[in-house]
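Below is one structure; the comments refer to it alone.
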Amino acid sequence: QVQLVQSGSELKKPGASVKVSCKASGYTFTTYSMNWVRQAPGQGLEWMGWINTNTGNPTYAQGFTGRFVFSLDTSVSTAYLQISSLKAEDTAVYYCARRYCSGGSCYSEPWGQGTLVTVSS
Amino acid sequence: QSVLTQPPSVSAAPGQKVTISCSGTSSNIGNSYVSWYQQLPGTAPKLLIYENNKRPSGIPDRFSGSKSGTSATLGITGLQTGDEADYHCGTWDSSLSAVVFGGGTKLTVL
Chain D
1440 QVQLVQSGSE LKKPGASVKV SCKASGYTFT TYSMNWVRQA PGQGLEWMGW INTNTGNPTY
1500 AQGFTGRFVF SLDTSVSTAY LQISSLKAED TAVYYCARRY CSGGSCYSEP WGQGTLVTVS
1560 S
Chain Z
89 QSVLTQPPSV SAAPGQKVTI SCSGTSSNIG NSYVSWYQQL PGTAPKLLIY ENNKRPSGIP
149 DRFSGSKSGT SATLGITGLQ TGDEADYHCG TWDSSLSAVV FGGGTKLTVL
């Protein structure tokens, strides 16, 4: 079945970097783009952007430029989110979600299980 | 501050029906398909409704979606305690060139 499995929780100090992985299985990885979504504690979902898994071209949402980088390793069907110069406000659960598009309609399905990134000194 | 507006919470008794609203503008809901996601406590979101009113396989017909103008609605009938979750609406915003979500609605089944 189609599945996204993310790397485990991370505890980082302010100023450090973190790299979250999202391994896809059950479908051809390069057929669908990958969304990244942030959920801060007790908050709603916030779209960070997506990466075209065929071309490697990333698209970043407003507020997620500069310190956030999407990348791929298509040989292992894995997408990555790297965040540098971490701040306390980056503490959140980060989700990858396949961007499924058909006939002009796009939605996120399935979602990874989420990766909790905690930034604390 | 989310682009789409949802009520923070709704509640109803087991067996009853509840609706959750999602309000937007002509640049998002008024111009694009709406999807709904169910997020059970401590878990990742899961697709519940896509293209305004379609259910993925495995989603019971107790869940329904509709859209009118710049608003969308999720309906749940025959409420069960297992339906307690956060529900999020999402769509594409052509002005922002971004996927946008509502702030989420917490459903309590009393």
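So the sequence lines, in the order shown, correspond to chains D and Z. Going by the working numbering, the first residue of the first sequence is number 1440, and it counts up by one from there. Going by the working numbering, the first residue of the second sequence is number 89, and it counts up by one from there. Positions of the beta carbon are idealized from the N, C-alpha and C atoms, including for glycine. Quick caveat, the model's predicted, so the values are computed rather than measured.
Flag this pair as yes or no: are the beta carbons of residue i and residue j separated by less than 8 Å?
i, j, result
"Cys-1461 of chain D", "Gln-1442 of chain D", "no"
"Leu-92 of chain Z", "Asn-116 of chain Z", "yes"
"Gly-118 of chain Z", "Gly-166 of chain Z", "no"
"Ser-1448 of chain D", "Ile-1522 of chain D", "no"
"Ile-164 of chain Z", "Val-122 of chain Z", "no"
"Arg-1538 of chain D", "Trp-1489 of chain D", "yes"
"Ser-120 of chain Z", "Thr-158 of chain Z", "no"
"Leu-162 of chain Z", "Ser-99 of chain Z", "no"
"Val-1556 of chain D", "Ala-1531 of chain D", "yes"
"Gly-190 of chain Z", "Gln-94 of chain Z", "yes"
"Thr-1469 of chain D", "Thr-1513 of chain D", "yes"
Work out the CA separation of residue j and residue i for me, nearest whole Å.
i, j, result
"Ala-173 of chain Z", "Gln-1501 of chain D", "28 Å"
"Trp-1497 of chain D", "Gln-1482 of chain D", "Checking the sequence shown, residue 1497 of chain D turns out to be Pro, not Trp. Whole-angstrom Cα-Cα distance: 25 Å."
"Lys-155 of chain Z", "Lys-1452 of chain D", "45 Å"
"Thr-113 of chain Z", "Thr-131 of chain Z", "30 Å"
"Ser-109 of chain Z", "Arg-143 of chain Z", "18 Å"
"Gln-1552 of chain D", "Ala-1463 of chain D", "12 Å"
"Gly-146 of chain Z", "Ile-137 of chain Z", "11 Å"
"Leu-128 of chain Z", "Leu-1525 of chain D", "28 Å"
"Ser-182 of chain Z", "Val-188 of chain Z", "10 Å"
"Ser-1472 of chain D", "Asp-149 of chain Z", "29 Å"
"Leu-1484 of chain D", "Gln-1440 of chain D", "25 Å"
"Thr-193 of chain Z", "Pro-133 of chain Z", "13 Å"
"Thr-1492 of chain D", "Trp-1550 of chain D", "16 Å"
"Val-1459 of chain D", "Trp-1486 of chain D", "16 Å"
"Gln-1534 of chain D", "Phe-1509 of chain D", "Going by the sequence as given, residue 1534 of chain D is Tyr instead of Gln. About 13 Å."
"Gly-1465 of chain D", "Val-1558 of chain D", "33 Å"
"Ala-1542 of chain D", "Cys-177 of chain Z", "Sequence inspection shows Gly at residue 1542 of chain D; the Ala mentioned does not correspond to that position. About 20 Å."
"Leu-1520 of chain D", "Arg-1477 of chain D", "11 Å"
"Ser-97 of chain Z", "Gly-170 of chain Z", "16 Å"
"Gln-168 of chain Z", "Tyr-175 of chain Z", "15 Å"
"Ala-186 of chain Z", "Leu-1450 of chain D", "29 Å"
"Phe-1503 of chain D", "Cys-1545 of chain D", "21 Å"
Use the C-beta contact count for residue i: other C-beta atoms within 10 angstroms, 16 or more gives buried, fewer gives exposed.
i, result
"Glu-1528 of chain D", "exposed"
"Ala-1479 of chain D", "exposed"
"Cys-1540 of chain D", "exposed"
"Gln-206 of chain Z", "Past the boundaries of the shown model lies residue 206 of chain Z; chain Z is included only from 89 to 198, so the question cannot be answered."
"Val-1515 of chain D", "exposed"
"Leu-1511 of chain D", "buried"
"Tyr-1506 of chain D", "In the sequence under discussion, the amino acid at residue 1506 of chain D is Arg, which differs from the Tyr named in the question. Its Cβ having fewer than 16 others within 10 Å, Arg-1506 of chain D is exposed."
"Gln-126 of chain Z", "buried"
"Thr-179 of chain Z", "buried"
"Ser-1560 of chain D", "exposed"
"Thr-1494 of chain D", "exposed"
"Ser-1547 of chain D", "buried"
"Leu-195 of chain Z", "buried"
"Thr-1467 of chain D", "exposed"
"Ala-206 of chain Z", "The structure shown does not extend to residue 206 of chain Z, since chain Z is modelled only from 89 through 198, so no value can be given for it."
"Ala-101 of chain Z", "exposed"
Pull up the DSSP beta-bridge partners for residue i, would you.
i, result
"Leu-1520 of chain D", "D:Val-1459, D:Phe-1509"
"Leu-1443 of chain D", "D:Ala-1463"
"Asn-1474 of chain D", "D:Trp-1489, D:Ala-1536"
"Ile-108 of chain Z", "Z:Leu-162"
"Val-122 of chain Z", "In the DSSP output, where bridge partners are listed per residue, Val-122 of chain Z has none listed."
"Ser-1547 of chain D", "D:Arg-1538"
"Pro-1497 of chain D", "D:Ile-1490"
"Glu-1449 of chain D", "D:Val-1556"
> Can you give, in chain order, each stretch of the beta strand (DSSP E) that sits fully within the stretch 128 to 177 of chain Z and has at least 3 residues?
Replying inline: 134 to 137, 151 to 156, 159 to 164
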